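**Q** Before we start, here is the structure in question, set down as structure tokens.
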Amino acid sequence: DVKVTQSSRYLVKRTGEKVFLECVQDMDHENMFWYRQDPGLGLRLIYFSYDVKMKEKGDIPEGYSVSREKKERFSLILESASTNQTSMYLCASSLPTPEGRTFFGQGTRLTVV
Amino acid sequence: AQKVTQAQTEISVVEKEDVTLDCVYETRDTTYYLFWYKQPPSGELVFLIRRNSFDEQNEISGRYSWNFQKSTSSFNFTITASQVVDSAVYFCALSEGYNTDKLIFGTGTRLQVFP
Chain A
130 DVKVTQSSRY
140 LVKRTGEKVF
150 LECVQDMDHE
160 NMFWYRQDPG
170 LGLRLIYFSY
180 DVKMKEKGDI
190 PEGYSVSREK
200 KERFSLILES
210 ASTNQTSMYL
220 CASSLPTPEG
230 RTFFGQGTRL
240 TVV
Chain B
1462 AQKVTQAQTE
1472 ISVVEKEDVT
1482 LDCVYETRDT
1492 TYYLFWYKQP
1502 PSGELVFLIR
1512 RNSFDEQNEI
1522 SGRYSWNFQK
1532 STSSFNFTIT
1542 ASQVVDSAVY
1552 FCALSEGYNT
1562 DKLIFGTGTR
1572 LQVFP
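Protein chains in written order, with the numbering used here: chain A, 130 to 242; chain B, 1462 to 1576.
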């Protein structure tokens, strides 16, 4: 069974903390993504990666960075967490083909206090 | 610019009713893909369907059916004889070109099916 696994379901962090959200996929997918989901706004793309050590900004990259040292792992980093980064974060992966489907993790609900 | 609009924020129905979720998209590309995803309370988005811009045939899968109309830029989703297990947030999404990587999502429609 294909799997995208996010390390935490729920996370509470303090303002100013450095936060790491981890995501692992077991499907050998080249593409990996981080989305943010907020009520009334749907899912918005933060960053994506087409290959190891490659990354591109999505629609809302400000305040975030990413790391992809291994093909199966894609980390989202909040350098200095702020309350407006309280949200649901979804990781996803896909194959780079027209037939490719995007698979999502179960999400991490981050609260910054 | 690409955009996906799901005008219905929330829909409530009683079990066994039919329900249609609307999706309207904007794109300048002639080649694109449209998707529907379901997000149950567990949080994980579940893929339902992918349709490419060259295939306007409607599709039926069990109680689910999809109506793709390029003339109105719509890709509507109908659930026939709804069940409580259909309660979820449903997202319509768009990707452009032959690369289906980057998805542009609508804001989602929350469907509540009451027994």
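Glycine included, each C-beta is placed from N, C-alpha and C at the ideal position. This structure is a prediction, so every number in the text was calculated from the model and none was measured.
1) Identify every run of the beta strand (DSSP E) within the region 147-178 of chain A, keeping only runs that are complete inside it and at least 3 residues long; order them along the chain.
2) Taking Cβ positions, are leucine 224 of chain A and phenylalanine 233 of chain A nearer each other than 8 Å?
3) Measuring only the C-alpha atoms, how far is proline 1576 of chain B from glutamine 135 of chain A?
4) Is lysine 1563 of chain B helix, strand or coil by DSSP?
5) Check distances from the C-beta atoms of the region 1481-1506 of chain B to those of chain A and list, in chain order, the residues that come in under 7 Å.
6) Assess contact between the region 162-169 of chain A and the region 141-149 of chain A, defined as three or more Cβ pairs (one per stretch) separated by less than 8 Å. Is contact present?
7) My assumption, with CB atoms under 8 Å, is that tyrosine 176 of chain A sits in contact with glutamate 159 of chain A. Please give the rounded CB distance.
8) Relative to the C-alpha of tryptophan 1497 of chain B, which residue among B:Val1475, B:Thr1568 and B:Gln1573 is closest?
9) Does the structure place the region 199-210 of chain A close enough to the region 1469-1481 of chain B that three or more beta carbon pairs sit under 8 Å?
10) For chain A, find out if any of its Cβ atoms is closer than 8 Å to the Cβ of arginine 1524 of chain B; answer yes or no.
11) Spatial neighbours of glutamate 1487 of chain B within its chain, please: CB distance less than 6 Å, with the 5 preceding and 5 following residues excluded, ordered by chain position.
12) Hey, valine 141 of chain A and threonine 240 of chain A: beta-carbon distance below 8 Å or not?
13) Starting from the N-terminal side, write out each stretch of the beta strand (DSSP E) that is 3 residues or longer and does not extend beyond the region 1521-1545 of chain B.
14) I need the DSSP call for asparagine 1519 of chain B, collapsed to helix, strand or coil.
15) Tell me whether alanine 1549 of chain B is buried or exposed, calling it buried when 16 or more other Cβ atoms sit within 10 Å of its Cβ.
16) Rank A:Gln235, A:Val242, A:Glu191 and A:Gly192 by C-alpha distance to the C-alpha of serine 222 of chain A and give the top, closest one.
17) I think isoleucine 1510 of chain B touches threonine 1570 of chain B, with their Cβ atoms under 8 Å apart; what is that distance to the nearest whole Å?
18) Can you give me the C-alpha to C-alpha distance between valine 242 of chain A and threonine 1533 of chain B, rounded to a whole angstrom?
19) Quick one: does phenylalanine 1566 of chain B have its CB under 8 Å from some CB of chain A?
20) What residues of chain A sit near aspartate 1516 of chain B, judged by a beta carbon separation below 9 Å?
21) Kindly say whether phenylalanine 1538 of chain B, judged by its beta-carbon, lies nearer than 8 Å to any beta-carbon of chain A.
22) I'd like the list of long-range same chain contacts for valine 1475 of chain B, defined as Cβ closer than 7 Å, with 5 residues on each side in sequence excluded.
**A** Per the coordinate set shown:
1) With a minimum length of 3 residues, the unbroken runs of beta strand (DSSP E) contained wholly in the region 147-178 of chain A fall at 148-154, 160-167 and 171-178.
2) To locate residue 224 of chain A, count along the first sequence from 1; it is residue 95. To locate residue 233 of chain A, count along the first sequence from 1; it is residue 104. Using a Cβ distance threshold of 8 Å, leucine 224 of chain A and phenylalanine 233 of chain A do not count as a contacting pair.
3) Taking the first residue of the second sequence as 1, we reach residue 1576 of chain B at position 115. Taking the first residue of the first sequence as 1, we reach residue 135 of chain A at position 6. The straight-line gap from Cα to Cα measures roughly 33 Å.
4) Position 102 of the second sequence, counting from 1, holds the residue named residue 1563 of chain B. Coil at lysine 1563 of chain B, not helix or strand.
5) The residues in question are Ser1503, Gly1504, Glu1505 and Leu1506.
6) In short, these stretches do not touch, since the Cβ pair count stays below three.
7) Walking along the first sequence from the start, residue 176 of chain A turns up at place 47. Walking along the first sequence from the start, residue 159 of chain A turns up at place 30. Contact flag wrong, Cβ pair sits at about 15 Å.
8) As a working mapping, residue 1497 of chain B is identified with position 36 in the second sequence. Considering only alpha carbons, the answer is B:Thr1568.
9) Counting Cβ pairs under 8 Å, fewer than three are found: no touch.
10) On the second sequence, residue 1524 of chain B is found 63 positions in, with the first residue counted as 1. Not flagged as an interface residue toward chain A: arginine 1524 of chain B, since no C-beta distance is shorter than 8 Å.
11) In the second sequence, counting from the first residue as 1, residue 1487 of chain B sits at position 26. So the qualifying residues of the chain are Lys1464.
12) Along the first sequence, read from residue 1 onward, the residue named residue 141 of chain A stands at position 12. Along the first sequence, read from residue 1 onward, the residue named residue 240 of chain A stands at position 111. Taking 8 Å as the Cβ cut-off, valine 141 of chain A and threonine 240 of chain A qualify as a contacting pair.
13) Taking only runs of at least 3 residues, the beta strand (DSSP E) segments lying wholly in the region 1521-1545 of chain B are 1525-1530 and 1535-1540.
14) Numbered from 1 along the second sequence, position 58 holds the residue referred to as residue 1519 of chain B. Here asparagine 1519 of chain B sits in coil by DSSP.
15) Walking along the second sequence from the start, residue 1549 of chain B turns up at place 88. Its Cβ being crowded by 16 or more others within 10 Å, alanine 1549 of chain B is buried.
16) Indexing the first sequence from 1 puts residue 222 of chain A at position 93. The option with the nearest alpha carbon to serine 222 of chain A is A:Gln235.
17) Residue numbering aside, residue 1510 of chain B sits at position 49 when the second sequence is read from its first letter. Residue numbering aside, residue 1570 of chain B sits at position 109 when the second sequence is read from its first letter. Contact flag wrong, Cβ pair sits at about 15 Å.
18) Translated into positions along the first sequence, residue 242 of chain A becomes position 113. Translated into positions along the second sequence, residue 1533 of chain B becomes position 72. Answer to the nearest angstrom: the Cα atoms are 45 Å apart.
19) Your numbering for residue 1566 of chain B matches position 105 in the second sequence. At least one chain A Cβ lies under 8 Å of phenylalanine 1566 of chain B.
20) Residue 1516 of chain B sits at position 55 when you count from the first residue of the second sequence. Within chain A, not a single residue places a beta-carbon under 9 Å from that of aspartate 1516 of chain B; the smallest gap is close to 12 Å.
21) Locating residue 1538 of chain B in the second sequence gives position 77, where the first residue counts as 1. No, phenylalanine 1538 of chain B lies away from the interface with chain A (no Cβ there is under 8 Å from its Cβ).
22) Working through the second sequence from its first residue, we reach residue 1475 of chain B at position 14. Taken in chain order, the residues that qualify are Phe1575.
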